[in-house]
Amino acid sequence: MADAILVTGGAGYIGSHIVAELARAGYRPIVVDNFCNSSPSALPRLSRIAAQEIRCVTADVRDQAALSRVFAGHAIAAVVHCAGLKSVSEGEAQPALYYDNNVGGAIALVDAMAAAGVKRLVFSSSAAVYGQPDRNPVTESAPLRPQSVYGRTKRIVEQLLEDVAASDRSWRIALLRYFNPAGAHASAAIGEAPSGIPNNLVPLLADVAAERRAEIAVYGNDWPTPDGTGVRDYIHVMDLAAGHVAALAYLASTPGVIALNLGTGRGYSVLELIAAFERACGRAIPRRFAPRRPGDVAAYYADPSRAEAVLGVRAHRDIDAICADAWRWRLNRVDD
Ligand code: NAD
Ligand code: WQD
């Protein structure tokens with residue numbers, strides 16, 4: 003029987019791609035999600051591309067009793083913890099909500115895992131734990147100075163997990179620090195489906211290309227970067243998902259806790275992303291230069307060499323693949 007892997011937040015954007023990749027690798031993913039930022043309609047589509055019925059338990063990860071029932075009902079080998087709230091601006095406006103959901107969810111999960119004797123965990127962390135980097139590329143040993151409530155919740159969970167691993171050497175934990183995930187599954191059956199106004203550049207570009215939005219506001223053209231616009235490390239969500247599958251395999255034979263950057267090691271500017279999206283959709287993307295967005299930094303991109311060495315995987319899809327897949331998903335999306 004294939005190993006069962008619990009994916010919290012598995013109905014969401016990144017979690018659903020991890021579920022698809024786990025199924026492809028021969029695992030049996032089981033989802034726990036409360037659908038606060040996703041829809042149950044993703045599950046039949048996910049089951050189709052996974053070529054197996056994806057079991058989903060509707061529950062809040064803060065509900066430890068519900069989690070314990072999931073562990074009691076399935077022989078779970080490991081957990082991928084994606085459930086969480088991720089909007090930087092919403093976190094600033096509602097800090098208690100973010101601490102409660104992101105930190106409280108991790109505490110309840112760790113307790114339920116310990117009670118069930120399941121001690122292999124991959125955590126969705128974020129480059130937000132670094133804050134403003136002193137230099138690029140950003141390595142895992144860079145200072146950890148999160149600049150937002152959201153980033154602080156991620157760092158606090160990392161610290162919790164470091165302490166858990168120190169207290170009991172049978173835990174095996176990977177803290178995966180994502181840079182800028184984007185793109186969608188090649189089937190165009192799953193992808194990012196933000197409710198309301200998207201927060202991130204690529205789904206916004208897709209909305210402009212689909213004429214759901216008049217133009218893209220480019221936040222600043224006076225940054226100290228080659229073309230004056232912000233530079234980020236966009237990693238295809240399927241490369242990100244492959245990193246999780248590799249991390250689970252790595253943890254099967256390695257105890258302790260490890261932090262790993264998941265990025266490509268290359269930065270692209272907003273104008274380069276716009277050009278890539280224009281190539282993908284074959285249309286011009288109207289843009290307007292706007293003031294810098296508060297809290298933004300000029301440039302950051304990962305040093306992914308530790309993840310590549312430890313996990314043996316490298317992100318190989320480029321921004322053209324990201325934009326092509328994001329555009330196909332935008333055309334295919336039916337839930338709006
Ligand atoms: P998402 O909102 O699409 O997915 C999160 C999922 O978790 C959703 O399905 C939501 O319904 C669920 N969820 C949230 N709180 C829950 C709770 N208390 N109980 C049960 N389910 C809950 O977001 P995503 O982009 O897929 O992000 C997944 C994880 O990766 C998050 O932890 C996020 O912080 C992290 N991350 C995302 C990015 C990014 O740019 N998308 C970057 C770095 C890190
Ligand atoms: C990318 C670039 C913007 C929108 C965020 C979180 C981070 C992580 C990933 C969770 C920047 C520019 C954007 C627009 C623009 N999430 N931009 N016009 O801010 O790098 O990272 O998502 O962990 O924590 O902060 O991503 O997609 O918002 O922006 O010019 O309408 O696009 O200024 O240079 P960001 P983003």
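Just so we're aligned: the sequence shown equals residues 3 to 338 in our numbering. We put the beta carbon where it would ideally sit given N, CA and C, even for glycine.
> Out of curiosity, what's the CA-to-CA distance linking ASP338 and PHE125?
Replying inline: Indexing the sequence shown from 1 puts residue 338 at position 336. Indexing the sequence shown from 1 puts residue 125 at position 123. Reliability fails at ASP338, whose pLDDT of 49 lies under 50, so the model's placement of it is uncertain and the value that follows must be treated cautiously. About 30 Å.
> Looking only at C-alpha atoms, which of TRP225, LEU313, VAL159 and GLN134 sits nearest to VAL272?
Replying inline: Your numbering for residue 272 matches position 270 in the sequence shown. Cα-wise, what sits closest to VAL272 is TRP225.
> Exposed or buried, what is ILE260 when buried is set at 16 or more other beta-carbons lying within 10 Å of its beta-carbon?
Replying inline: To locate residue 260, count along the sequence shown from 1; it is residue 258. Per the 10 Å Cβ criterion, buried.
> Helix, strand or coil: which one does DSSP assign to PHE37?
Replying inline: The residue given as residue 37 occupies position 35 in the sequence shown. Of the three classes helix, strand and coil, the one that applies to PHE37 here is coil, per DSSP.
> CA-CA distance, ARG290 and LEU206?
Replying inline: On the sequence shown, residue 290 is found 288 positions in, with the first residue counted as 1. On the sequence shown, residue 206 is found 204 positions in, with the first residue counted as 1. If you take the alpha carbons of ARG290 and LEU206, they lie about 13 Å apart.
> Comparing alpha-carbon positions, which option in ARG147, ASP65, ALA6 and GLY245 lies nearest GLY107?
Replying inline: Along the sequence shown, read from residue 1 onward, the residue named residue 107 stands at position 105. The candidate whose alpha carbon is nearest that of GLY107 is ASP65.
> Given that a residue counts as buried once 16 or more other Cβ atoms are within 10 Å of its Cβ, and exposed if not, what is SER43?
Replying inline: Here the question's residue 43 lines up with position 41 in the sequence shown. Under the 10 Å beta carbon count, SER43 is surrounded by fewer than 16 other beta carbons and is classified as exposed.
> Can GLY11 be considered in contact with the ligand NAD, in the sense that its beta carbon sits closer than 7 Å to one or more heavy atoms?
Replying inline: Residue 11 sits at position 9 when you count from the first residue of the sequence shown. Yes, the ligand NAD has a heavy atom inside 7 Å of this Cβ.
> Which value, in whole angstroms, describes the spacing of the CA atoms of ASP327 and ASP170?
Replying inline: Taking the first residue of the sequence shown as position 1, residue 327 is located at position 325. Taking the first residue of the sequence shown as position 1, residue 170 is located at position 168. Each residue's Cα considered, the two are about 42 Å apart.
> Between LEU69 and the rest of its own chain, which residues show a CB-CB distance below 6 Å, the 5 nearest in sequence each way excluded?
Replying inline: Residue mapping note: residue 69 aligns to position 67 of the sequence shown, counting from 1. Closer than 6 Å at Cβ, skipping near neighbours: ALA114.
> Does the Cβ of CYS84 lie closer than 7 Å to at least one heavy atom of the ligand NAD?
Replying inline: The sequence position of residue 84 within the sequence shown is 82, counting from 1. Answer for CYS84: yes, Cβ within range of the ligand NAD.
>> Taking 8 Å as the threshold (C-beta atoms), are VAL247 and ALA186 in contact?
In response: Reading the sequence shown from its first residue, position 184 is the one you call residue 186. Reading the sequence shown from its first residue, position 245 is the one you call residue 247. No. Outside cutoff.
> Who are the near neighbours of ASP322 in its chain, counting only those whose CB is closer than 8 Å to its CB and skipping five residues on each side?
Replying inline: For this step, residue 322 is matched to residue 320 along the sequence shown. Hits under 8 Å: ALA278, ARG281 and ALA282.
>> Between LYS88 and the ligand WQD, is there a pair consisting of the residue's CB and a ligand heavy atom that are separated by less than 7 Å?
In response: Here residue 88 refers to the residue found at position 86 of the sequence shown. Checking the Cβ of LYS88 against the ligand WQD gives yes.
> Where are the beta strand (DSSP E) runs, 3 residues long or more, that stay fully inside the segment 161 to 242, in chain order?
Replying inline: 174 to 180, 182 to 184, 218 to 221 and 236 to 238
>> With a threshold of 7 Å (Cβ to nearest heavy atom), would LEU313 be considered close to the ligand WQD?
In response: Counted from its first residue, the sequence shown places residue 313 at position 311. Incorrect: LEU313 has no Cβ contact closer than 7 Å to the ligand WQD.
> The beta strand (DSSP E) with CYS58 in it runs from where to where?
Replying inline: Here residue 58 refers to the residue found at position 56 when the sequence shown is read from its first residue. Its beta strand (DSSP E) spans residues 57 to 60.
> Near ILE158, what residues of its chain come up, given a Cβ to Cβ distance below 7 Å and the 5 sequence neighbours on each side ignored?
Replying inline: For the purposes of this step, residue 158 is taken as the residue at position 156 of the sequence shown. Around ILE158: VAL105.
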